[in-house]
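Before any comments, here is the structure.
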Amino acid sequence: MMKLMLAPNLVTGQHWINVLAAAGVQCEMHNRYLNGALGDIPADQCAPELWLADERDEILARRLIDAARQGPAADAPAWRCGQCGESLEAQFTVCWQCGTPRDPLDG
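In my numbering, the protein residues as written are 97 to 203.
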């Protein structure tokens, strides 16, 4: 395992893990429950950490997280769910209607 990075908070860290999982990159979050120790333990030691299962995925993982930080381009097109046909805005990666992940080829 290899430490990839610190997440600013649990929600963002979990989002990044979901982004990586959708691309087939295995990742774990450590320090998930250390927020309660903040003050007794230095803040930099309480932050959620993302750990890659395979260090060969580091470059891909960093690219995916950078893209997730930026979000879709302002002019990115909506997409249609291949399962239920629901129309969704570009920032959604999973259909809110049926829970089907966005096909990377959808546009």
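Beta carbons are placed, not taken as given, at the ideal position from N, Cα and C, and that holds for glycine.
Rounded C-alpha distance that separates residue 105 from residue 199: 28 Å
Those residues which DSSP pairs with residue 175 across a bridge: 184
Under the three-state DSSP convention, the category residue 190 falls into: strand
Within 9 Å, strictly: CB atoms of residue 146 and residue 123: yes
Span separating the alpha-carbon of residue 113 from that of residue 100: 11 Å
Inter-residue CB distance, residue 110 and residue 125 (contact presumed, cutoff 8 Å): 7 Å
Where the alpha helix (DSSP H) through residue 154 begins and ends: 154 to 166
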